[in-house]
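Quick notes on the structure that follows.
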Amino acid sequence: MTVPLAANAVTYVSRFVEQNLLQVSPGVIEAAKAMGVSKRRTIGSVLLMEAGWCS
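Under the working numbering, the letters of the sequence shown match residues 364 to 418, in that order.
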């Protein structure tokens, strides 16, 4: 019972995360690249903060 429910919820959660990340301005990503921030750090610090996932 739990596995099918979790598998079904993954699609909705992934769509929600995708939509939040798409709302982040491309200028924010460009600014992070200009400052020499790594891709991993850009995702972890910049994108998640801008999308409202971290406080």
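Note that beta-carbon positions come from the ideal geometry of N, C-alpha and C, so glycine has one too. These numbers come from a predicted model, not from an experiment.
Using the beta-carbon count (16 or more within 10 Å), is residue i buried or exposed?
{"i": "residue 370", "result": "exposed"}
{"i": "residue 345", "result": "Because the chain in this structure spans residues 364 to 418, residue 345 falls outside the shown range and cannot be described."}
Assuming residue i and residue j form a contact by the criterion Cβ under 8 Å, report the distance between their Cβ atoms to the nearest whole angstrom.
{"i": "residue 360", "j": "residue 409", "result": "Summary: the structure shown does not reach residue 360, with the chain confined to residues 364 through 418, and so no result is reported for it."}
Would you kindly work out how many angstroms separate the C-alpha atoms of residue i and residue j, rounded to a whole number?
{"i": "residue 385", "j": "residue 411", "result": "11 Å"}
{"i": "residue 382", "j": "residue 399", "result": "26 Å"}
{"i": "residue 375", "j": "residue 413", "result": "21 Å"}
{"i": "residue 367", "j": "residue 401", "result": "37 Å"}
{"i": "residue 365", "j": "residue 407", "result": "30 Å"}
{"i": "residue 397", "j": "residue 378", "result": "29 Å"}
Nearest by alpha-carbon distance to residue i: which of the options is it?
{"i": "residue 415", "options": "393, 364 and 387", "result": "387"}
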